[in-house]
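Here is the structure we will look at, set down as structure tokens.
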Amino acid sequence: MDIKRQAFCMKSHALWVAVFCALASVKVAANESCVAGKVYVDCNHNQRQDLKELGIPNVRIYLEDGTYLITDVAGKFSFCGLSAQTHVLKVDKTTLPTGSQLITSSNRNSGDANSLFLDSKNHQLIRADFIENSCSKAVLTQVRARQNPRIQNTESVNQVQPAITFKGTSLEYELNNPKTSADIAKQKAR
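Sequential numbering of the sequence shown, starting at 143, is according to our numbering.
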């Protein structure tokens, strides 16, 4: 940690005033980059996610080394630790809502809407979005069901399964049957 003090002098009405600024620390980041983006439905075809356009949850996105990310409830994902080289992100089509049609969003798609090339440089944040363009009623219904698990899910085949499962323990039941805060309160009341 490198801490330096600096003095700034000002002349005000023939008076010299010395002011010390606050201490500042400098942290040197590793030579790695981050990628952040989202998978969303673009109903007005402007290649931007507008206010009422939905992000698509539970979409699996692979890096070229097999590492994968899963989008959150808003369709967003991020990953840090990319080395300074060219990387490839690829959407697992089986985790998209049935009937989805991705479109190319830039020349980084290289003609394949399901993948993006990332030219990573040190200390860089790279944006990577995947755009669903059909905006069909069936796709929107599935996206809403993914965003709100209390809605009847119409696509049980395409749900992303956890990467690790535990068998023969109560943990398996907890993972597959998550409790809401209301369930926990009822259990404590007993």
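Ideal Cβ positions, reconstructed from N, Cα and C, are used throughout, including at glycine.
Contacting residues, own chain, Cβ-Cβ under 6 Å from residue i (five flanking each side not counted)
i, result
"Y204", "Y210, K232"
"N275", "D184, Q243, I245"
"R250", "L258, F259"
"L267", "C176"
Cut-off 8 Å between Cβ atoms - residues of its own chain near residue i, not counting five sequence neighbours on either side
i, result
"K180", "Q191, G197, T213, A216, G217, K218, F219, D271, F272"
"D234", "V201, R202, I203, Y204, Y210"
"T228", "F259, L260, D261, S262"
"D334", "Residue 334 is absent from the model: the chain starts at 143 and stops at 332."
"H265", "A171, N173, E174, S175"
"P199", "T213, D214, V215, A216, G217, V285, R288, Q289"
Best match in the options for proximity to residue i [C-alpha to C-alpha]
i, options, result
"R286", "I268, N251, L238", "L238"
"V177", "R202, G223, Q289, P199", "G223"
"A280", "H265, T240, D207, A255", "T240"
"G208", "V230, Q189, K194", "V230"
"H187", "S278, Q289, N256", "S278"
"E206", "S225, T236, S248", "S225"
Buried/exposed call for residue i, threshold 16 Cβ in 10 Å
i, result
"S242", "buried"
"R269", "exposed"
"R292", "exposed"
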